[in-house]
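Participant:
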Amino acid sequence: MGAAAGRSEGYEMSDISIRMMTKGDIDAVAGIQEAILQRRVTARWRKAMERHIENDPQACLVAARERAPVGFVVGDVKNWGFGLRRSGWIEIVGIHPKHMGSGVGKALGRRLMAYFRRMDVDGVYTTVRWDSGDLLSFFKSLGFERSDFITLEHRGAGGSSR
Ligand SMILES: CC(C)(COP(=O)(O)OP(=O)(O)OC[C@H]1O[C@@H](n2cnc3c(N)ncnc32)[C@H](O)[C@@H]1OP(=O)(O)O)[C@@H](O)C(=O)NCCC(=O)NCCS
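So for the sequence shown, our numbering puts the first residue at 1; every next one is plus one.
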């Protein structure tokens, strides 16, 4: 990744490198998610992360400062589903609160979008809660727009897992 000055005082994006996530990063990545959500992640969450790394390692990225992850993004290439030929999906993105607002998320997002382009996807999709202004603004800055799809939900199925 090229050097670019970050927006936080004393923060240099040249200190940050983007690389593929390994299973050895999962503790650190879980720690980032816990810092964002202010609650522990489950063993299932860790297992799901492991499976993503096994299934599509190039779509699992971390932004690291001195090898230590400060942010992560996980994507997925679907070769079927939703009536699409091949599509890219951004499943989860998280930047440690201490490192938010410094361009780390955008650098990760751009790198994942480059991978999706190499995979010849027809489009890239994600789902964001309507009131998550930071994520909406983040995805808009990466070029996302409101899609033609609508999300349906059955509140009776598994609603207690939120
Ligand atoms: C949203 C998030 C991914 C953005 O990453 P980041 O590194 O902080 O953002 P960047 O500095 O790369 O900014 C990229 C763009 O997003 C916008 N953005 C980032 N955070 C924002 C915020 N809090 N409010 C409004 N816009 C924001 C920036 O304005 C910027 O746009 P620009 O390039 O046009 O100036 C990150 O802040 C995050 O992980 N937030 C928590 C997400 C969350 O709640 N996850 C829980 C559900 S799984």
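Every residue, glycine too, gets a C-beta built ideally from N, C-alpha and C.
List, from N- to C-terminal side, the beta strand (DSSP E) runs of 3 residues or more that fit wholly inside the region 37 to 74.
Facilitator: 60 to 65
Participant: Determine which residues share a DSSP beta bridge with residue 76 and list them.
Facilitator: As a first step, residue 76 is located in the sequence shown; it is residue number 76 there, counting from the start. Looking at the DSSP assignment, residue 76 forms a beta bridge with 89.
Participant: Return yes when the Cβ of residue 106 is within less than 8 angstroms of the Cβ of residue 177, no when it is not.
Facilitator: The chain is shown only over 1 to 162; residue 177 falls outside these bounds and no answer can be derived.
Participant: Find out if the Cβ-Cβ distance for the pair residue 62, residue 21 is shorter than 8 angstroms.
Facilitator: For the purposes of this step, residue 62 is taken as residue 62 along the sequence shown, with counting starting at 1. For the purposes of this step, residue 21 is taken as residue 21 along the sequence shown, with counting starting at 1. Closer than 8 angstroms, so yes.
Participant: Which of the three DSSP states is assigned to residue 24 in this structure?
Facilitator: If you number the sequence shown from 1, residue 24 lands on position 24. Three-state DSSP puts residue 24 in a helix.
Participant: Does ligand 1 have even one heavy atom less than 7 angstroms from the beta-carbon of residue 135?
Facilitator: Your numbering for residue 135 matches position 135 in the sequence shown. Within the cutoff, so yes.
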